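K.L.:
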Amino acid sequence: MDTTKYIFVTDGASSSLVKGIIAASLDKLLQARGYRVTIQKLDPYINVDPGTLNPYEHGECYVTNDGAETDLDLGHYERFLNVATSQANNVTTGRIYQSVIEKERRGEFLGKTVQVVPHITNEIKDRVQLLGKTGEFDIVITEIGGTVGDIESLPYIEAVRQLKWELGDNNALVIHLTLIPYLKAAGELKTKPTQHSVRTLMESGVKADILVCRTEHHISIELRKKLALFCNVQQEAVIESIDASTIYDVPILMLEEGLDKITLQKLNLSDATPPDLEHWKSFLKRHKNPKSEVTIGLIGKYVELQDSYKSILESFIHAGAENEVKVKVISIHSEYINKTNIAEKFSGLNGIVVAPGFGERGIEGKIEAVRYARENNIPYLGICLGMQMAVIEFARNVMHLEGANSSEMDKETPYPVIDLMEEQKSITNKGGTMRLGAWKCDLKKDSIVGKVYNTKTIEERHRHRYEYNDEYRDQLEAAGLVATGINPDTGLVEIIEIPSHPWFVGVQYHPEYKSTVVSPHPLFVAFVKAALKHSKNK
Ligand code: GLN
Numbered sequence: 007m008d009t010t011k012y013i014f015v016t017d018g019a020s021s022s023l024v025k026g027i028i029a030a031s032l033d034k035l036l037q038a039r040g041y042r043v044t045i046q047k048l049d050p051y052i053n054v055d056p057g058t059l060n061p062y063e064h065g066e067c068y069v070t071n072d073g074a075e076t077d078l079d080l081g082h083y084e085r086f087l088n089v090a091t092s093q094a095n096n097v098t099t100g101r102i103y104q105s106v107i108e109k110e111r112r113g114e115f116l117g118k119t120v121q122v123v124p125h126i127t128n129e130i131k132d133r134v135q136l137l138g139k140t141g142e143f144d145i146v147i148t149e150i151g152g153t154v155g156d157i158e159s160l161p162y163i164e165a166v167r168q169l170k171w172e173l174g175d176n177n178a179l180v181i182h183l184t185l186i187p188y189l190k191a192a193g194e195l196k197t198k199p200t201q202h203s204v205r206t207l208m209e210s211g212v213k214a215d216i217l218v219c220r221t222e223h224h225i226s227i228e229l230r231k232k233l234a235l236f237c238n239v240q241q242e243a244v245i246e247s248i249d250a251s252t253i254y255d256v257p258i259l260m261l262e263e264g265l266d267k268i269t270l271q272k273l274n275l276s277d278a279t280p281p282d283l284e285h286w287k288s289f290l291k292r293h294k295n296p297k298s299e300v301t302i303g304l305i306g307k308y309v310e311l312q313d314s315y316k317s318i319l320e321s322f323i324h325a326g327a328e329n330e331v332k333v334k335v336i337s338i339h340s341e342y343i344n345k346t347n348i349a350e351k352f353s354g355l356n357g358i359v360v361a362p363g364f365g366e367r368g369i370e371g372k373i374e375a376v377r378y379a380r381e382n383n384i385p386y387l388g389i390c391l392g393m394q395m396a397v398i399e400f401a402r403n404v405m406h407l408e409g410a411n412s413s414e415m416d417k418e419t420p421y422p423v424i425d426l427m428e429e430q431k432s433i434t435n436k437g438g439t440m441r442l443g444a445w446k447c448d449l450k451k452d453s454i455v456g457k458v459y460n461t462k463t464i465e466e467r468h469r470h471r472y473e474y475n476d477e478y479r480d481q482l483e484a485a486g487l488v489a490t491g492i493n494p495d496t497g498l499v500e501i502i503e504i505p506s507h508p509w510f511v512g513v514q515y516h517p518e519y520k521s522t523v524v525s526p527h528p529l530f531v532a533f534v535k536a537a538l539k540h541s542k543n544k
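Numbering-wise (the working numbering), the sequence shown opens with residue 7 and increments by one.
Pasting the structure below:
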C-alpha cells in the first residue's frame, strides 16, 4: 500500500467506555486480514507522560521497549496485536506543548505569535503522522483520550478535522464511541445522548463516519435506523458494542457486527481476505474452558483500583489459558497484613505475587508476605519492588541483618541491601529518570529462569530507580539466595532465586509488559504451573 490510512477514535460519553479495547479489537481484525497496523493514544492532560502519575489517577503506567512511560491502553494494543509500541504511540498535551515551547525558544517560529491554532494543532498532526510516515504501517488508529466537548480535547478534535480534510475521503475516518443507556423504568434504550454527542462533534466540524454504541442490551433494527438517520451515518455504520464477559471477546463481537468490513469499505481497502483468527479463537476456548483452578494472592497497595495492576492481571489470563487453568487472583492490601492475620489472609493461596510499587507505605506487609511464601513453600513471584522485598526479607530473617532495607524506604538503614546506583544519586528530576525500557539479562543455566526461558540472554523492560546492592551478593548467595540473572553490560543483578524452595523467583524487571495473547509470558506460565502443582499437592 502506498498511502497510510488513518482512523480516529473519539469518545462521546465517558472515558471509561473502553475505547482502547474497541480500537485494539478493530486493529486485531484488520491485522488478521493481513494489514500492517498500529495504534496510538493521544492523552489530553498536561503531564509530559504518565510516569509521574499515581496509579490511582489513570491506573498502571505501561512501559515500552524504548523506555517510554505510557498510558495503560498501550498494554492492550500490545496484548492484542503482539506488535511492540514505542514513544511515538503515546503523546500527551504536556509533551505537545513542551516541544512547541522548545521550538519557540530555539527561534524556529521566526518571531511569529505562537498559538493553539496552528502551532499546537500542527504539532498534533505531525505526531499523528509520525508512525504512518515510517512506511511500516498500512493503517494507523489514533485514539483520542478524554471526551468530545471537553476543553482539553478541543485542539485534538481540530487537528482531526484538519487531517480529515487534508488527507481526503477514503484516507481518514472517524469512529465515534457513544453510550446507549437503558432506562429500567421505561424498559427502553435511549438514543438521545448519542445524538447529542454526535452533534457536539459536528460543532467542531467533524462528522462521525462510524458509531460504536456501548450498550447493555441488544440494539434493534429500528433503533439502528433511527441512530443512522439522526446521526447522519449509514445503517451498517451503526455498530453495537454489547457488554462482554471478557475483553478478549470484543474482536469476535466486532467481527460479527462488521466493524472491520465497514471500516475497510470506507477506506477503500479490500475486504476480500477473511480474518484469520484461529489462534485467537483457540486461546478463547482454553480461557473459557479451564480444567482446574488455582488461587494467587496479589499483594500490593493500589489494590482498590484494578487498573493499577492491569498488565499483571492480563498476564495471568494468558498464562491461565496456556495451562488450561482458571487463575483466580485475590488482591490483598499490603498495609493490612501483619504477623497475626497473615495465616488467615493467606490460607488457600497456591501462589504469591508481590507487586511493583514505590515508597514506604505498605512495605512491612509485603515483607511479611514474602516470609510467608518462603517459609511455607508457596510459589513466589516478586516483581520489581517484589524482588527487592524478597532480598530484604531474606537479609532480615535468614541472615539476621536487623534493619536491612532499601535506601528508598530508610535512608539510615545499617544494611542497604537495595540501594541507589552512583549515577542515580545526583538526579533530582522525577520524570523519565528511572532505569527504563528494555535491558539485557544473561541467565544462569541450571536455574528456574534458565529453564523457563530456555535461552541464554533475554531482554525485559524495567522501571525503577533502586538496585540489588552487589556488596551483599556473596553473603546472600552463601545463605541461599542466588543471583540467576545478570545484566551483561552493567553487572547488575536482575533475578534472584532460592534453590531450596520449590519455586521462588524475584525479577527486577516487569515481565507483565511483554505478555500477549499470541505469546504468553514464560515466567507467568511457569509460575501458574508451579501454583497448580502446589494446589494438587495440598
Ligand atoms: N520503588 C522501587 C524502585 O524504584 C521499585 C519500583 C517498581 O516496583 N517499579 O527501585
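We put the CB at the ideal spot given by N, CA and C, even for glycine.
Note that the structure is a prediction, hence the values are computed from the model and not measured.
Using DSSP with H/G/I as helix, E/B as strand and the rest coil, what is V146?
P.N.:
Reduced to three states, the DSSP call for V146 is strand.
K.L.:
How big is the Cα-Cα spacing for S31 and M405?
P.N.:
About 51 angstroms.
K.L.:
Along the chain, which unbroken stretches of the beta strand (DSSP E) at least 3 residues long are found entirely within the segment 401-470?
P.N.:
Correct list: 422-426, 441-449 and 463-470.
K.L.:
How would you write the range of the beta strand (DSSP E) that I373 sits in, first residue to last?
P.N.:
Premise fails: I373 lies in the alpha helix (DSSP H), I369 to E381, not in any beta strand (DSSP E).
K.L.:
Kindly examine the ligand GLN and report whether one of its heavy atoms sits closer than 7 angstroms to the Cβ of V422.
P.N.:
The question names Val, but residue 422 is Pro in the sequence shown. Incorrect: P422 has no Cβ contact closer than 7 angstroms to the ligand GLN.
K.L.:
I believe I28 touches V15 by the beta-carbon criterion, under 8 angstroms. Please report the beta-carbon distance rounded to the nearest angstrom.
P.N.:
Contact flag correct, Cβ pair sits at about 7 angstroms.
K.L.:
Using CA atoms only, rank isn't needed, just tell me which of L391, L529 and S432 is closest to S412.
P.N.:
The option with the nearest alpha carbon to S412 is L391.
K.L.:
I'd like to confirm something about E414: is its beta-carbon nearer than 7 angstroms to some heavy atom of the ligand GLN, or not?
P.N.:
Correct: E414 has its Cβ closer than 7 angstroms to the ligand GLN.
K.L.:
Could you tell me the alpha carbon to alpha carbon distance between N382 and V360, rounded to whole angstroms?
P.N.:
Rounded to whole angstroms, N382 to V360 spans 16 angstroms at the Cα level.
K.L.:
With contact counted as at least three CB pairs below 8 angstroms, one residue from each stretch, are the segment 344-352 and the segment 306-319 in contact?
P.N.:
No, because fewer than three Cβ pairs between the segment 344-352 and the segment 306-319 fall closer than 8 angstroms, the two stretches do not touch.
K.L.:
Any chance the CB of R380 is under 7 angstroms from a heavy atom of the ligand GLN?
P.N.:
Answer for R380: no, Cβ out of range of the ligand GLN.
K.L.:
I'd like to check one pair, I358 with I323: are the Cβ atoms closer than 8 angstroms?
P.N.:
Cβ distance not < 8 angstroms, so I323 and I358 don't count as in contact.
K.L.:
Taking only the alpha-carbon atoms, compute the straight-line gap between G174 and C237 and give it to the nearest angstrom.
P.N.:
In a straight line, the C-alpha of G174 is about 21 angstroms away from that of C237.
K.L.:
Mind checking which residues open and close the beta strand (DSSP E) that includes L80?
P.N.:
Premise fails: L80 lies in the alpha helix (DSSP H), D79 to L87, not in any beta strand (DSSP E).
K.L.:
Within its chain, find whatever has a CB closer than 6 angstroms to the CB of F86; leave out the 5 residues flanking it on each side and keep chain order.
P.N.:
Counting only Cβ-Cβ distances below 6 angstroms, and skipping sequence neighbours, we find A30 and K34.
K.L.:
Would you kindly report the start and end of the unbroken alpha helix (DSSP H) that includes L137?
P.N.:
Taken as a continuous stretch (DSSP letters only), the alpha helix (DSSP H) holding L137 covers T127 to K139.
K.L.:
From the DSSP output, in three-state form, read off T119 for me.
P.N.:
If DSSP states are grouped into helix, strand and coil, T119 belongs with coil.
K.L.:
Can you list, in chain order, the residues of its chain whose CB lies under 8 angstroms from that of T3, leaving out five sequence neighbours each side?
P.N.:
The chain is shown from 7 up to 544; residue 3 falls before or after that span and cannot be answered.
K.L.:
Is L391 near the ligand GLN - that is, is its Cβ less than 7 angstroms away from at least one heavy atom of it?
P.N.:
Checking the Cβ of L391 against the ligand GLN gives yes.
K.L.:
Taking 7 angstroms as the cut-off, is the CB of P517 close to at least one heavy atom of the ligand GLN?
P.N.:
Checking the Cβ of P517 against the ligand GLN gives no.
K.L.:
Restricting to Cα atoms, I'd like to know which of A401, F400 and D495 is closest to E444.
P.N.:
Strictly speaking, residue 444 in this sequence is Ala, with Glu absent from that position. Answer by Cα proximity: D495.
K.L.:
State buried or exposed for P422, treating a residue as buried only when at least 16 other CB atoms are found within 10 Å of its CB.
P.N.:
The residue is buried, with at least 16 neighbouring Cβ atoms inside 10 Å.
K.L.:
To test your reading of the DSSP string, which unbroken beta strand (DSSP E) runs of 3 or more residues are found completely within the segment 508-541?
P.N.:
Counting whole runs of 3 or more residues, the segment 508-541 contains the beta strand (DSSP E) stretches 510-513.
K.L.:
Hey, does N128 have any beta-carbon neighbour from chain D nearer than 8 angstroms?
P.N.:
No chain D appears in this structure, which consists of one protein chain only.
K.L.:
Less than 8 angstroms between C-beta atoms, sequence neighbours within five positions excluded: which residues of the same chain meet that for T99?
P.N.:
If we look at T99 and ignore the five residues flanking it on each side, its Cβ neighbours are D49, P50, Y51, I52, E158 and P161.
K.L.:
Between the beta-carbon of T10 and the beta-carbon of D144, is there less than 8 angstroms?
P.N.:
A contact, by the Cβ cut-off of 8 angstroms.
K.L.:
Counting C-beta neighbours from all protein chains within 10 Å, is the total for N329 16 or more, i.e. buried, or is it exposed?
P.N.:
By the 10 Å Cβ count, N329 comes out buried.
K.L.:
So is L189 buried or exposed if we call it buried at 16+ other beta carbons inside 10 Å?
P.N.:
L189 is exposed by the Cβ-count criterion.
K.L.:
Quick one: what does DSSP say E222 is sitting in, helix, strand or coil?
P.N.:
E222: coil per DSSP, three-state reduction.
K.L.:
Quick one: grab the DSSP three-state call for D495.
P.N.:
Coil, per DSSP.
K.L.:
Taking 7 angstroms as the cut-off, does the CB of R469 come closer than this to any heavy atom belonging to the ligand GLN?
P.N.:
For the ligand GLN, at least one heavy atom lies less than 7 angstroms from the Cβ of R469.
K.L.:
Taking E473 as the reference, which of K25, E466, V513 and A278 has the closest Cα?
P.N.:
The option with the nearest alpha carbon to E473 is V513.
K.L.:
Does the Cβ of F364 lie closer than 7 angstroms to at least one heavy atom of the ligand GLN?
P.N.:
Result yes, Cβ under 7 angstroms from the ligand GLN.
K.L.:
Quick check: I502 and A396, are their CB atoms within less than 8 angstroms of each other?
P.N.:
Contact flag set, yes.
K.L.:
Counting C-beta neighbours from all protein chains within 10 Å, is the total for H125 16 or more, i.e. buried, or is it exposed?
P.N.:
H125 comes out buried.
K.L.:
Do G438 and G57 come within 8 angstroms of each other at the CB atom, strictly closer than that value?
P.N.:
For G57 and G438, yes; Cβs fall inside 8 angstroms.
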